[in-house]
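Chemist: Numbering (our numbering), first residue to last: 609 to 677.
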């Protein structure tokens, strides 16, 4: 599954890191200067790329792949 890491850019990995830290979509948006809707859209896009249906799966995947430590 390591090849999947290459599907995400640095900013997308940062979004997952913020999620793992417990930030809400609104808080992530403020940090990245995005709207809450943009955060939600990006998360949906990431989940689609990785064939996942829940954001908690992104966090679990990121730890397993070494994206998060």
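Even for Gly, the Cβ is constructed at its ideal location relative to N, Cα and C.
The structure displayed is predicted, hence computed values, not measured ones.
Alpha helix (DSSP H) containing residue 637: first to last residue?
Modeler: 633-640 is the span of the alpha helix (DSSP H), which, as asked, contains residue 637.
Chemist: Looking only at its own chain, which residues have a Cβ that is under 7 Å from the Cβ of residue 650, when we skip the five neighbours before and after it?
Modeler: 620 and 623.
Chemist: Tell me which same chain residues have a C-beta within less than 7 Å of the C-beta of residue 643, skipping the five on either side of it?
Modeler: The residues are 637.
Chemist: With DSSP run on the structure shown, which of helix, strand or coil describes residue 627?
Modeler: The answer is helix: DSSP assigns residue 627 an H, G or I state.
Chemist: Could you give the residue range of the alpha helix (DSSP H) that holds residue 657?
Modeler: It spans 644-657 - the alpha helix (DSSP H) in which residue 657 sits, taken as one unbroken run.
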